[in-house]
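Reading the sequence shown from the start, the letters are residues 1 to 417 in the numbering used here. Built from N, CA and C at the ideal position, the CB exists for glycine as well.
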Amino acid sequence: MAVVNTILDRLCGLEGSNFTVTDVKVFETQVTWRIEHKDDPKYICPRCEAVHNTAFEKKWIKLQDTPQGFKRHIWYVKRARVLCSCSLNPIVEKMDFRSKHHQMTKRFNDYIEMTLCSKMFTVADVARLFKLSYSVVYKIDHEVLLRLIQEHEIPDPIHLSVDETSFRKRRHYVTVVTDAGRGQVIWVSEGNRKESLDQFFRILGPERCAKVETVARDLHAPYASSCAEYVPHALQVADPFHVVQRLNDTIDECRKELSVGSAIRVGKRRLIHRMNWLLRFKSENLRKDQFKSLEHLKRVNEDLYEAYLLKEHFYEFFEFKPSEINLAENFLVHWVVEAYKVQLASLKKFAEYITRNTDQLLNIIRTQRSSAISEGINSKISVIKKMAYGYKNIQYFMLKILQRCGALGRNWQPEPI
Numbered sequence: 001m002a003v004v005n006t007i008l009d010r011l012c013g014l015e016g017s018n019f020t021v022t023d024v025k026v027f028e029t030q031v032t033w034r035i036e037h038k039d040d041p042k043y044i045c046p047r048c049e050a051v052h053n054t055a056f057e058k059k060w061i062k063l064q065d066t067p068q069g070f071k072r073h074i075w076y077v078k079r080a081r082v083l084c085s086c087s088l089n090p091i092v093e094k095m096d097f098r099s100k101h102h103q104m105t106k107r108f109n110d111y112i113e114m115t116l117c118s119k120m121f122t123v124a125d126v127a128r129l130f131k132l133s134y135s136v137v138y139k140i141d142h143e144v145l146l147r148l149i150q151e152h153e154i155p156d157p158i159h160l161s162v163d164e165t166s167f168r169k170r171r172h173y174v175t176v177v178t179d180a181g182r183g184q185v186i187w188v189s190e191g192n193r194k195e196s197l198d199q200f201f202r203i204l205g206p207e208r209c210a211k212v213e214t215v216a217r218d219l220h221a222p223y224a225s226s227c228a229e230y231v232p233h234a235l236q237v238a239d240p241f242h243v244v245q246r247l248n249d250t251i252d253e254c255r256k257e258l259s260v261g262s263a264i265r266v267g268k269r270r271l272i273h274r275m276n277w278l279l280r281f282k283s284e285n286l287r288k289d290q291f292k293s294l295e296h297l298k299r300v301n302e303d304l305y306e307a308y309l310l311k312e313h314f315y316e317f318f319e320f321k322p323s324e325i326n327l328a329e330n331f332l333v334h335w336v337v338e339a340y341k342v343q344l345a346s347l348k349k350f351a352e353y354i355t356r357n358t359d360q361l362l363n364i365i366r367t368q369r370s371s372a373i374s375e376g377i378n379s380k381i382s383v384i385k386k387m388a389y390g391y392k393n394i395q396y397f398m399l400k401i402l403q404r405c406g407a408l409g410r411n412w413q414p415e416p417i
């Protein structure tokens, strides 16, 4: 019998502890274990590690252990409370096999952490798999991420990509910094202000900031100020995606400018109003009937048609090679001149935008880099939000971005006892 108890204690990880297995019952859907103190036990205070020979009281508690196969394993443990000089109230004795914050064993807690850090399961998946409540698994996930972030080290980046992504409606954003060389998110901070990016550069430190060669970002003024202060030597690269997006929005503003409150006849205004999506398409993607609509637009309003042609012509800028940097600069100058000739206020504003940010646009050609990696990661972040139907805790949301899109949790190790 002693040999059997030794084997059972070893299976439960109770060797060297005050506890031993006294009974095991196997049912159809679960296995129950009865665990009690050994003879002449020593009760240890978890705060001061003082050893006590007597217990204030004993009580049965229920712990859930790691399931085996399709059967749940339930432990019924007789735990004790002791009177210790370090506390005015009785304290539950030290039990190394018990999870600190949940009614389960530590090894089951570690198993759940490992499953969550594998990035293969969501919190809801793990809750259904182990038949636990969502709130318990959420707390375990949040706890392990908070523990891992304390040990997380930001790698030395050379090529950075900075972008913002929406956290919830009404302009709630987080700033996401990506190491373009590794393709991983290395920093997430709340907001899209200058202070959000300043925090990253301060943690990075002057020595590692000096190693940064390029920063690909949208032309957001607060990000520009932060980069100018901490990495003035790095090439600031505009993001082609945001430039093209702004150009498309400009063409749409030109359309609205002509379709609302202008002196054009009502029928022509209605035609211009209906060309919202048509003007956003590239000419190479248009159907024959859409080409006919553009020809009709040319007859109705030549200024809007010329604005569309300028938009199509601007795409050629991204095809220049680093050896053709002078040609690219001449292209921008020529494009701005042509844009000013078109009598549309919105197009002139975009031409001024190009003039202000010429260097950042030319750096796209010089470095052949962009923040496309950030746009791809933004798609992943959208999936993360949909998986949880929106996160209420922004700290947890930022940790999940670092876990799912970065290296947080990749080298997970169980918390030491």
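With distances taken between CA atoms, Ile35 lies nearest to Asp9 out of Glu207, Arg217, Asp9.
In terms of Cα proximity to Asp141, the closest of Thr175, Lys119, Gly376 is Lys119. With contacts defined by Cβ atoms closer than 8 Å, Phe19 and Lys38 form a contacting pair. Rounded to whole angstroms, Phe97 and Ala407 show a C-alpha spacing of 29 Å.
Residues of the same chain with a CB within less than 8 Å of the CB of Leu310, apart from the 5 flanking positions on each side, are Trp335, Glu338, Ala339, Val342, Leu347 in chain order. Annotation for Leu235: the continuous beta strand (DSSP E) segment containing it runs 235 to 238.
Between Ile401 and Thr178 a beta carbon distance of about 10 Å is seen, past the 8 Å cut, so the two are scored as non-contacting. Distance from the Cα of Tyr138 is smallest, within the candidate group Gly409, Asn393, Pro416, Gln413, for Asn393. Looking at the backbone, the Cα of Ile364 and that of Glu352 are separated by about 19 Å. Taking a C-beta distance under 8 Å as the contact criterion, Ser196 and Thr175 qualify as a contact pair. DSSP places Trp412 in the coil class of the three-state scheme, outside both helix and strand. Taking C-beta separations shorter than 7 Å and ignoring five residues to either side along the sequence, the partners of Gln199 in its chain run Ser189, following chain order.
Rounded to whole angstroms, the Cβ separation of Gly181 and His159 is 5 Å, and the two are in contact under 8 Å. Rounded to the nearest whole angstrom, the CA to CA distance from Glu207 to His152 is 19 Å. For Thr20, the secondary structure class from DSSP, reduced to helix, strand or coil, is strand.
Sequence-distant partners of Trp187 (beyond 5 residues in either direction) whose C-beta falls short of 7 Å from its own C-beta, in its chain, are Ile154, Val177, Phe200. DSSP lists Val31, Asp65 as the bridge partner or partners of His73. In this structure, the CA atom of Glu93 is about 6 Å from the CA atom of Pro46. The residues Trp33, in chain order, have a CB closer than 6 Å to that of Val24 in the same chain once the five nearest residues on each side in sequence are set aside.
Separation of the CB atoms of Asp110 and Pro416 is rounded to 11 Å, and the pair is thereby denied contact status at 8 Å. Residue pairing for Ala80: DSSP places it in a beta bridge opposite Lys58.
Our two residues, Ala124 and Val77, have alpha carbons roughly 29 Å apart in a direct line. Per DSSP, the continuous beta strand (DSSP E) segment holding Val162 begins and ends at 159 to 168.
Between Phe108 and Asp65, the C-beta gap is smaller than 8 Å, which places the two residues in contact. Note on geometry: alpha-carbon atoms of Lys62 and Ile44 lie some 20 Å from one another.
His313 is the residue among His313, Arg287, Asn301 whose C-alpha sits nearest the C-alpha of Asn248. For Glu190, the enclosing beta strand (DSSP E) stretches over residues 184 to 190.
Residue ranges of uninterrupted alpha helix (DSSP H) with 4 or more members, entirely inside the segment 76 to 155 and ordered along the chain, are 106 to 117, 123 to 130, 134 to 151. Within the model, the alpha-carbon separation for Cys227 versus Asn378 is close to 21 Å. Under DSSP, Gly376 shares a beta bridge with no residue. Take the alpha-carbon of Met387 and the one of Gln30: they are about 31 Å apart. In the three-state reduction of the DSSP assignment, Asp218 falls in the coil class, being assigned neither a helical nor a strand state.
A Cβ-Cβ distance of about 14 Å is found for the pair Leu361 and Leu327, leaving them out of contact under the 8 Å criterion. Under the DSSP assignment, Asp359 falls outside any beta strand (DSSP E), being part of the alpha helix (DSSP H) whose first and last residues are 358 to 367. In this structure, the alpha-carbon of Ile384 lies about 34 Å from that of Pro232. With respect to the C-alpha of Lys256, the residue from Thr54, Phe241, Ala307, Tyr134 having the closest C-alpha is Ala307.
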